[in-house]
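Below: one structure, written as structure tokens.
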Amino acid sequence: MQHVDDITNWKVTKSNELVKAGYTLSLNEQRLILFCIAQIDSRKPFSRIKAVTAAAFAAAYTLETRHAYEALEDATERLWNREVKTRFEDGRVEKVRWVSKATYDRGNGRVTVNFSPEILPFLTLLNERFTSYDLRYISHLTSTYAIRVYEYLKQYVKLRSSIRVTLVDFKEMLELSDSYMRFANFKARILVPAVEQINSHTDLRVSWVVIREQRSVVAIEFRFTKASQQEELPLLPVVEDLDESEAA
DNA sequence: CAAGACAGCAAAGCGTTGTG
DNA sequence: CACAACGCTTTGCTGTCTTG
Numbered sequence: 013m014q015h016v017d018d019i020t021n022w023k024v025t026k027s028n029e030l031v032k033a034g035y036t037l038s039l040n041e042q043r044l045i046l047f048c049i050a051q052i053d054s055r056k057p058f059s060r061i062k063a064v065t066a067a068a069f070a071a072a073y074t075l076e077t078r079h080a081y082e083a084l085e086d087a088t089e090r091l092w093n094r095e096v097k098t099r100f101e102d103g104r105v106e107k108v109r110w111v112s113k114a115t116y117d118r119g120n121g122r123v124t125v126n127f128s129p130e131i132l133p134f135l136t137l138l139n140e141r142f143t144s145y146d147l148r149y150i151s152h153l154t155s156t157y158a159i160r161v162y163e164y165l166k167q168y169v170k171l172r173s174s175i176r177v178t179l180v181d182f183k184e185m186l187e188l189s190d191s192y193m194r195f196a197n198f199k200a201r202i203l204v205p206a207v208e209q210i211n212s213h214t215d216l217r218v219s220w221v222v223i224r225e226q227r228s229v230v231a232i233e234f235r236f237t238k239a240s241q242q243e244e245l246p247l248l249p250v251v252e253d254l255d256e257s258e259a260a
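Listed below in structure tokens is the structure:
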């Protein structure tokens, strides 16, 4: 996992709870977080502390190294105040910080991230209800919403070929409840770009239809399949992979 | 009329270039 | 490596037309 040039098989694994939680991250913050998560062995407890070099970050997301410094510095700075909101059945909302410490080592182009203790249950010791995917599939997505939607669909892809989600829940997940009061805007700015990016860069092929009540859109039904070509790539059944490989 | 579609404006974000 | 500046993209909103 240390080799910068070999990110092809890095997997991001997180609990489905986290996949569906409400949070906002800029693209760079999202990239930084996912890069760190990809280095975690989700089956085990772990050190909480992950280091990211500009070179490794640039390699993972196909940027020129010299451009990665400021992206990392900026993302690190902003990550400090970011939080994850988990909504419970009874309406309770629990907020948790992503990081308890995040420092950019100026002069060395290196970030050290300490995940907060409260976020760890979403990332480690996972053996059920989790989602796993290859980091490389989202590495070319340029909309943070595209990444969120990809993860959301990915959690269902083994179980079914479509999922219906209410517009309210969906916007809540993306922390857009108070924005995009007009569906057309949400569609044009979020849905269409996200699905387009997912279809052209990831292993999922997605389409969607709106569900209406009267004339208002109340839900979205996503339909998806795994792309046939990508299927031939070394994408082992996730559960087996996690249970068996290098466990000892 | 209410809600969606479409066009366009503006701010923020992202990637690049040039400079030191 | 850092910083300033530029240009393209992403994101959020408004005006206006279209539709059932």
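For any residue, its number in the numbering used here is found by taking its place in the first sequence, counting from 1, and adding 12.
Even glycine gets a Cβ: it sits at the ideal position worked out from N, Cα and C.
Note that the structure is a prediction, hence the values are computed from the model and not measured.
- At a cut-off of 8 Å, is GLU130 close to the ligand MG when judged by its beta-carbon and the heavy atoms of the ligand? No copy of the ligand MG occurs in the structure displayed, which carries no ligand at all.
- Query: Can you tell me the Cα-Cα spacing of VAL111 and SER128, whole angstroms?
  - Reply: Rounded to the nearest angstrom, the gap between the Cα atoms of VAL111 and SER128 is 4 Å.
- Query: Does the count of Cβ pairs from the segment 41-55 and the segment 73-92 closer than 8 Å reach three?
  - Reply: Result yes; three or more Cβ-Cβ pairs closer than 8 Å.
- Beta-ladder partner(s) of ARG235, from DSSP: SER174, SER219
- Message: Using CA atoms only, rank isn't needed, just tell me which of LEU179, VAL207, MET185, LEU186 is closest to ARG194.
- Response: LEU179
- Query: DSSP three-state call for GLU95: helix, strand or coil?
  - Reply: strand
- Which of helix, strand or coil does DSSP assign to ARG306? Nothing about residue 306 can be read from this structure; the chain reaches only from 13 to 260.
- Closest to THR214 by CA distance: which of ALA158, SER189, THR136 is it? ALA158
- CA nearest to the CA of GLU82, picked from PRO57, ASN28, ILE52, ARG118: ARG118
- Task: Please state whether DSSP places ILE52 in a helix, a strand or coil.
- Result: coil
- Message: Please identify the residue among GLU101, VAL105, ASP86 whose C-alpha is closest to the C-alpha of GLU95.
- Response: VAL105
- Could you check which residue in ILE232, ARG217, VAL218 has the C-alpha nearest to that of ARG224? ILE232
- Query: So what does DSSP say about ASP117, is it helix, strand or coil?
  - Reply: strand
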